[in-house]
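Residue -5 is where the sequence shown starts when you use the numbering used here, and the numbers rise one by one after that. Accompanying notes for the structure given below.
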Amino acid sequence: MTIREDIATPRRTKEIIQRHGFSFKKSLGQNFLIDQNILNKIVAAAGLDKTKGALEVGPGIGALTEKLAEEASKVTAVEIDQRLLPILGEVLEPFPHVQVVHGDVLKLDLKELFAQQFSDVSGVSVVANLPYYVTTPILMKLLEEKLPLENIVVMIQKEVAERMAASPGGKEYGSLSIAVQYYSEPELVCTVPHSVFIPQPNVESAVIRLKVRKQPPVQVEDEAFFFEVVQASFAQRRKTISNNLKSRFFPKEGRERLEALLEEASIAPSRRAETLDLLEFAKLSNVLAQFGLNEA
Ligand code: SAM
-5 MTIREDIATP
5 RRTKEIIQRH
15 GFSFKKSLGQ
25 NFLIDQNILN
35 KIVAAAGLDK
45 TKGALEVGPG
55 IGALTEKLAE
65 EASKVTAVEI
75 DQRLLPILGE
85 VLEPFPHVQV
95 VHGDVLKLDL
105 KELFAQQFSD
115 VSGVSVVANL
125 PYYVTTPILM
135 KLLEEKLPLE
145 NIVVMIQKEV
155 AERMAASPGG
165 KEYGSLSIAV
175 QYYSEPELVC
185 TVPHSVFIPQ
195 PNVESAVIRL
205 KVRKQPPVQV
215 EDEAFFFEVV
225 QASFAQRRKT
235 ISNNLKSRFF
245 PKEGRERLEA
255 LLEEASIAPS
265 RRAETLDLLE
275 FAKLSNVLAQ
285 FGLNEA
């Protein structure tokens, strides 16, 4: 019996990269994992089993993919960099239940991909060491498309992870926290030292788990408008909610109508957006929508 060596040791990673003449592209956020413990932690946080599927964004040379293949019944990995395809073909050869898709995850029709790849699994989670330059667009696409996901477990920039998981009242709390928490329950799994990557990123990293909600925790009448109100409320963080909403929705009017609507939503005009929780934003956007401001 031959014992397969894990890919993600510094020695084997370097060997594979050198043999294929691969060079890292910073513009594609290529920081590969070379630490078994952290790979195991990421996979464990996803709660996979042999009835479940995993979608990986950016498999690189397959370090995480290989671990996912050992845990899940089906793995689909989307990689943008064509130069990695021969390496992935070689490394993932022992795993016929792993499918590599060449493409940009931001341009793929994910609903169609799910229908093709995951029709026969009991649940799907996204598990990835994300390219940091597109973290937010990728996560928002996964959440906004309302894909049938259980968990999203991703390595991302620590500062972004903290913003996603932030509670009202702090400086990290903002429109990203609200958007992520509307669709999921975020939980910081661990922070990660630079030494687990090759090459090492310039920023600090963390693993976050987003437990995807089946239903949003608040009722909003018009989802697009809810997010518009949130964005407008945070337009200038140091301004009060009343000043931000006035600039966006009532630029030419006096304050009376806006203040009456804020009162109707039980929000003092002097408050700042960072003090409002999800429920308050939902109430505010519902009141503004009731008075037709979503059609203005
Ligand atoms: N999963 C590997 C690991 O942990 O060692 C590599 C992670 S590396 C941080 C990010 C990977 O995402 C790279 O392989 C990169 O080529 C790929 N990538 C970057 N942008 C992408 C996109 N828009 N769609 C799909 N893959 C992308």
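Glycine included, each C-beta is placed from N, C-alpha and C at the ideal position.
**Request:** Go through its chain and collect everything with a Cβ distance to Arg207's Cβ below 7 Å, but skip five positions before and after it.
**Result:** Tyr177, Ser178 and Glu179
**Asked** What's the C-alpha gap between Gln175 and Lys165?
**Response** 16 Å
**Prompt:** Quick one: what does DSSP say Phe347 is sitting in, helix, strand or coil?
**Reply:** The requested residue 347 does not occur in the structure, where the chain is confined to residues -5 to 290.
**Item:** Cut-off 7 Å between Cβ atoms - residues of its own chain near Ser116, not counting five sequence neighbours on either side
**Value:** Within the same chain, Ser116 has close Cβ partners Thr45 and Lys46.
**Prompt:** If we count the other Cβ atoms within 10 Å of its Cβ and call it buried at 16 or more, is Thr269 buried or exposed?
**Reply:** exposed
**Request:** Kindly examine the ligand SAM and report whether one of its heavy atoms sits closer than 6 Å to the Cβ of Pro53.
**Result:** yes
**Message:** Using C-beta distances below 6 Å, list every residue in its chain close to Ser169, excluding the 5 sequence neighbours before and after it, in chain order.
**Reply:** Val224, Gln225 and Phe228
**Request:** Tell me Val72's beta-bridge partners as DSSP assigns them.
**Result:** As DSSP reads the structure, Val72 sits in a beta bridge with Val51 and Val95.
**Message:** Using the Cβ count rule (16 or more neighbours within 10 Å means buried), how would you classify Gly56?
**Reply:** buried
**Item:** beta-carbon Phe220 near the ligand SAM non-hydrogen atom, thresh 6 Å
**Value:** no
**Residue span of the alpha helix (DSSP H) that contains Lys233, given as start and end** = No alpha helix (DSSP H) contains Lys233, which DSSP labels as neither H nor E.
**Prompt:** At what residues does the alpha helix (DSSP H) containing Glu258 begin and finish?
**Reply:** Glu250 to Glu258 is the span of the alpha helix (DSSP H), which, as asked, contains Glu258.
**Item:** Inter-residue spacing [alpha-carbon to alpha-carbon] between Leu82 and Arg231
**Value:** 45 Å
**Request:** Tell me whether Asn34 is buried or exposed, calling it buried when 16 or more other Cβ atoms sit within 10 Å of its Cβ.
**Result:** exposed
**Request:** On the DSSP bridge assignment, give the partners of Val206 in chain order.
**Result:** Within the DSSP bridge table, the entry for Val206 names Ser178 as partners.
**Message:** I need the straight-line Cα distance from Phe285 to Glu274, nearest angstrom please.
**Reply:** 17 Å
**Prompt:** Gly298: beta carbon under 6 Å from a heavy atom of the ligand SAM?
**Reply:** A query on residue 298 cannot be resolved here, the shown segment of the chain reaching from -5 to 290 and no further.
**Message:** Check for me: the alpha helix (DSSP H) holding Ala283 runs from which residue to which?
**Reply:** Leu272 to Gln284 is the extent of the alpha helix (DSSP H) around Ala283.
**Item:** For Glu222, the first and last residue of its enclosing alpha helix (DSSP H)
**Value:** Glu217 to Ser227
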